Each structure stands twice: as structure tokens, then as C-alpha cells.
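Peer 1:
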Amino acid sequence: MKYCDGQVSQLGDIVSLGGKLGTVVSDIDGGQYGISPEYSAEQWAYLGAGVMIEFESYGLIHYIEPEHDLVLVHRAESK
Numbered sequence: 021m022k023y024c025d026g027q028v029s030q031l032g033d034i035v036s037l038g039g040k041l042g043t044v045v046s047d048i049d050g051g052q053y054g055i056s057p058e059y060s061a062e063q064w065a066y067l068g069a070g071v072m073i074e075f076e077s078y079g080l081i082h083y084i085e086p087e088h089d090l091v092l093v094h095r096a097e098s099k
């Protein structure tokens, strides 16, 4: 998935939606999934496209296309 500014989403991205922060926990497009079982390929690969974003306020949301106010705050730290 691409954010509205054209940047490609990545696993671990910190994003903002309506001022609430979230984390990209599964990148289905890129074939990258979080280490926790609830974010695994076994759980979400069937969706076929998009990303899963975990928000403290909203919970886990699947996006194929971003909402207009979903913005990248910063990339995850490289290991």
C-alpha cells in the first residue's frame, strides 16, 4: 500500500489517523508480518493485499487503500 504522499508502507511504520498513532504490524503487499502470532501470515495472508495497522484507540484495521488522513509519522528503527 502507498500512503497518500506516495511513500510505500513498511512493516513497523508509525502512522497517524485522526491524530491517533498506530503501527503497521503486517505488510501483506510486501510479505512481511509481525513476530506476534496475531500478526502472522497464517492469520492475514488470505486478505491478499494491503496492510494491517494496530491502533490503541481503534484496534486492528486492514487497509488496501489509505484513508486521506492516514499519514506516515516515521519509519521503524532499522536493526
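Numbering of the sequence shown is given in our numbering, commencing with residue 21 and proceeding in unit increments. All C-beta atoms in this analysis are idealised placements derived from N, C-alpha and C, irrespective of residue type, glycine included. Keep in mind it's a predicted model, so treat the numbers as computed, not measured.
Using the beta-carbon count (16 or more within 10 Å), is Y66 buried or exposed?
Peer 2: Exposed.
Peer 1: Using a C-beta cutoff of 7 Å, does E76 count as contacting chain B?
Peer 2: Among the chains of the structure shown, chain B does not appear; only one protein chain is present.
Peer 1: I'd like the list of long-range same chain contacts for G68, defined as Cβ closer than 8 Å, with 5 residues on each side in sequence excluded.
Peer 2: Taken in chain order, the residues that qualify are I48.
Peer 1: In angstroms with no decimal places, state the Cα-to-Cα distance between L41 and K22.
Peer 2: Each residue's alpha carbon lies about 17 Å from the other.
Peer 1: Closer than 6 Å by C-beta to V71: which residues in its own chain qualify, once you throw out the five before and the five after it? Chain order, please.
Peer 2: Result list for V71: M21, S29, V44, D47 and Y83, in chain order.
Peer 1: Quick one: residues in its chain with C-beta nearer than 6 Å to the C-beta of A96, no 5 flanking neighbours on either side, listed in chain order?
Peer 2: Excluding residues within five positions, the ones whose Cβ falls inside 6 Å are G32.
Peer 1: Rounded to whole angstroms, how far is the Cβ of V91 from the Cβ of S36, which I believe are closer than 8 Å?
Peer 2: Sure, about 5 Å apart at Cβ, within 8 Å.
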